[in-house]
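Its first residue numbered 1, the sequence shown is counted upward by one per residue in the UniProt record's numbering.
Glycine included, C-beta positions come from ideal geometry on N, C-alpha and C.
Bear in mind the structure is a predicted one, so any value in this text is a computation, not a measurement.
Below is one structure, written out as structure tokens; comments come after it.
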Amino acid sequence: MLAIQAVTERPLLLQANVTDRIVADILAVLTTLVADGVSAVGTILVAAAILAIGYGIGEYLDDAVYDWTLERGLDDRAEETPVSAVTAESDPVASAAGLLARYLVYLVAVLAAVRTLNISELRTLAATLFGYVPNIVAAAVFLVVGFGLGRLLGTLIPGLVSRPGLTENFPETHLGQLLDADSGTVGSVAGLIVEYYVYAAAVYVAAATLTIAPVVVLLRDGLTYAPTLAGSLVVLVLGALVADHVSDVVTSVDAAEEWVPTPLLSGTMQALVYLFTAVIALNLAGVDSLLLAVLLLAVVFPVGIGFSLAVGLGGQDFVANQLSSD
1 MLAIQAVTER PLLLQANVTD RIVADILAVL TTLVADGVSA VGTILVAAAI
51 LAIGYGIGEY LDDAVYDWTL ERGLDDRAEE TPVSAVTAES DPVASAAGLL
101 ARYLVYLVAV LAAVRTLNIS ELRTLAATLF GYVPNIVAAA VFLVVGFGLG
151 RLLGTLIPGL VSRPGLTENF PETHLGQLLD ADSGTVGSVA GLIVEYYVYA
201 AAVYVAAATL TIAPVVVLLR DGLTYAPTLA GSLVVLVLGA LVADHVSDVV
251 TSVDAAEEWV PTPLLSGTMQ ALVYLFTAVI ALNLAGVDSL LLAVLLLAVV
301 FPVGIGFSLA VGLGGQDFVA NQLSSD
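Printed below as a string of structure tokens:
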């Protein structure tokens, strides 16, 4: 009987030990899950609090930067720049500055929340985005400084160009009359060229900072060609002034009337000066030299023949008059 009882009690003890182990393992797993859940909930709550605080600070900075920019009158100055053509808002600079401050704070808050959650993929993405922020800020600074400098130079250049008095006679030239120019046209055009060149340079630097390759290539080519084009325009203006001066000199010479009519001689000399001026300007602008040579021959040859005939006929009458007087 004792042997039978011992054999019967041993499986019961084994079953009790197995049950205790299972219960203990289940309790351990549940405890771990609860602890991890509580820790995760705490981490999530901290991340949510960081995002909420960042959102509030971003909203506050948006309003503060907007008001500060508006009080400085930057939008009034921006109305005279290409910014007014890009947007129809009455306060584009203040709005952009406020939004930039807001989203910078948002980005910092998101980065802090991601680091709190300790999710490696999100941390890598946030670090990449946050590393790009200095480029965005630098590009914005370049644009603001460039547009301000361009507007300042666009205001100063017209007065500097018109001060020597070299361009006052331009409206009286044929080119000036053709363009319906006034005494301030040359200065205004020079100011616009310098102003928009500085604008383009600012956009180029900003695009290079943001590594926007297509815009960088386009603006680089344009900025390289712009001085050449400006030089061609200067040559045209100087040529028009020289042509008008040559016309005055020819008209003042009384002896020329005996050989050829003064209007014809004056007009011919003006045409030649304009022609050579146009050829030089087009050559500076990069037009093919062969095309310029053909143009020069096509115009100069007929003009030369006509002028020679006019001088010859006029000289014939002059010689006949001199012989008859003798």
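Residue i versus the options, residue with shortest Cα-Cα distance
i: I57; options: T124, T69, V110 and I44; result: V110
i: A101; options: L238, T128 and T69; result: T69
i: D244; options: L219, V234, A52 and G176; result: G176
i: R220; options: A52, D91, V205 and I193; result: V205
i: V108; options: A127, N118 and L117; result: A127
i: V235; options: V249, D248, V273 and T209; result: V273
i: A281; options: M269, V237, F142 and G222; result: V237
i: G231; options: E195, A207, G222 and A285; result: A285
i: T203; options: G146, L179 and R151; result: It is worth fixing the name first, because residue 203 is Val in this sequence and not Thr. Nearest C-alpha to V203: G146.
Residue i versus residue j: straight-line alpha-carbon distance, rounded
i: A181; j: V279; result: 22 Å
i: residue 331; j: T211; result: In the structure as shown, the chain begins at 1 and stops at 326. Residue 331 is therefore absent and cannot be evaluated.
i: A64; j: A201; result: 30 Å
i: A140; j: L229; result: 29 Å
i: V311; j: G184; result: Note on V311: pLDDT 49, under 50, position unreliable in the model; the coordinate value appears next. Approximately 40 Å between the Cα atoms of the pair.
i: V105; j: Y55; result: 8 Å
i: T277; j: G239; result: 5 Å
i: L233; j: L153; result: 19 Å
i: G42; j: I50; result: 12 Å
i: I53; j: V144; result: 30 Å
i: residue 327; j: S247; result: What is shown of the chain runs 1 to 326, which leaves residue 327 out entirely.
i: A271; j: T173; result: 12 Å
i: D91; j: G73; result: 10 Å
i: S188; j: P214; result: 31 Å
i: L275; j: V249; result: 18 Å
i: T124; j: F142; result: 28 Å
i: V133; j: Y103; result: 10 Å
i: E195; j: L45; result: 53 Å
i: V93; j: G222; result: 26 Å
i: L179; j: R151; result: 25 Å
i: E71; j: I193; result: 30 Å
Residue i: CB within 6 Å of a non-hydrogen atom of the ligand HEM
i: A127; result: Although the ligand HEM was asked about, the structure shown includes no ligands whatsoever.
Short CB-CB distance (under 7 Å) between residue i and chain C
i: Y132; result: No chain C appears in the structure shown, which is made up of a single protein chain.
Rounded Cβ spacing between residue i and residue j (contact assumed at less than 8 Å)
i: G131; j: P158; result: Between P158 and G131 the Cβ distance is about 44 Å, and since that is not below 8 Å, they are no contact.
i: residue 336; j: V198; result: In the structure displayed, the chain extends from 1 to 326; residue 336 sits before or after that span and is not available.
i: V161; j: V186; result: 6 Å
i: A97; j: A47; result: Rounded, the Cβ-Cβ distance is 29 Å, inconsistent with contact.
i: F170; j: L241; result: 6 Å
i: S95; j: Y66; result: 7 Å
i: L117; j: D62; result: Actually they are not in contact, since the Cβ atoms of L117 and D62 sit about 26 Å apart, beyond 8 Å.
i: T224; j: N135; result: No, T224 and N135 are not in contact; Cβ-Cβ is about 24 Å, not under 8 Å.
i: V216; j: A207; result: 5 Å
N- and C-terminal bounds of the alpha helix (DSSP H) containing residue i
i: G191; result: T185 to T209
Ranges of the beta strand (DSSP E) found wholly within the stretch 92-123, counting only runs of at least 3: If we require 3 residues or more, the stretch 92-123 turns out to have no beta strand (DSSP E) run fully inside it.
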